[in-house]
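Chemist: Numbering of the sequence shown is given in our numbering, commencing with residue 565 and proceeding in unit increments.
Supplied in structure tokens, the structure appears directly below.
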Amino acid sequence: MIRIPKFIYQKMVAHAKKEWPLECCGILSGRDGTVEKAYELPNEEGSSVRYSMSPREQLRVFEEMEKESIDMIAIYHSHPHTLPFPSETDVKLAFYPEVASIIISLKEEQNPVVKAFRIGKEAICLEEIEVIP
Ligand SMILES: [Zn+2]
Numbered sequence: 565m566i567r568i569p570k571f572i573y574q575k576m577v578a579h580a581k582k583e584w585p586l587e588c589c590g591i592l593s594g595r596d597g598t599v600e601k602a603y604e605l606p607n608e609e610g611s612s613v614r615y616s617m618s619p620r621e622q623l624r625v626f627e628e629m630e631k632e633s634i635d636m637i638a639i640y641h642s643h644p645h646t647l648p649f650p651s652e653t654d655v656k657l658a659f660y661p662e663v664a665s666i667i668i669s670l671k672e673e674q675n676p677v678v679k680a681f682r683i684g685k686e687a688i689c690l691e692e693i694e695v696i697p
């Protein structure tokens, strides 16, 4: 279970809409499964079907998290045209099995769908998201 404050949830969806028709990506950090902070990262691929987070920006975020001793809870990205389910590439590039993958689908423009997954070597599991005030 991942708990996400409403304003961060909305910020994430807004980020996806802002980058549409390209994929957006970012990192959520916090403590004990509760998100406290969202970092928007540039998608170096500039693509509508894949993403890669800028290594330099990623390092900056890692350093900031370490300084504040908060953990990486999830990596999020958007699917501008497809369902919120990990693509083959997403599975291949899931380097952090302990970190959830959140996908924001903008397939239906008026109805963004956000889902979280744990992508392991053997299986992909759906993880529940609770939006908290
Ligand atoms: Zn994807």
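The C-beta atom is built at its ideal place from N, Cα and C for all residues, glycine as well.
None of these values were measured; they are calculated from a predicted model.
Using a Cβ-based criterion (distance less than 7 Å to any ligand heavy atom), does P697 qualify as near ligand 1?
Modeler: It does not: the Cβ of P697 is nowhere closer than 7 Å to a heavy atom of ligand 1.
Chemist: Assign A687 to one of three DSSP states: helix, strand, or coil.
Modeler: Three-state result, A687: coil.
Chemist: For the region 598 to 660, which segments carrying the alpha helix (DSSP H) assignment without a break, of at least 4 residues, lie completely within its bounds, in sequence order?
Modeler: As far as the region 598 to 660 is concerned, its whole alpha helix (DSSP H) runs of at least 4 residues are 619 to 631 and 652 to 656.
Chemist: Determine contact between the region 670 to 687 and the region 587 to 594, defined as no fewer than three beta-carbon pairs at a distance below 8 Å.
Modeler: These segments do not touch.
Chemist: Buried or exposed: D654, going by 16 or more other Cβ atoms within 10 Å of its Cβ?
Modeler: Flag for D654 reads buried.
Chemist: Within the present structure, is the beta-carbon of H645 separated from the nearest heavy atom of ligand 1 by less than 7 Å?
Modeler: H645: no, Cβ never under 7 Å from ligand 1.
Chemist: Sorted by chain position, which residues of the same chain lie with C-beta nearer than 8 Å to K639's C-beta, five sequence neighbours on each side aside?
Modeler: First, the residue type needs correcting, since residue 639 is Ile and not Lys in the sequence shown. Counting only Cβ-Cβ distances below 8 Å, and skipping sequence neighbours, we find C589, G590, I591, L592, M617, Y660, V663, A664, S665 and I666.
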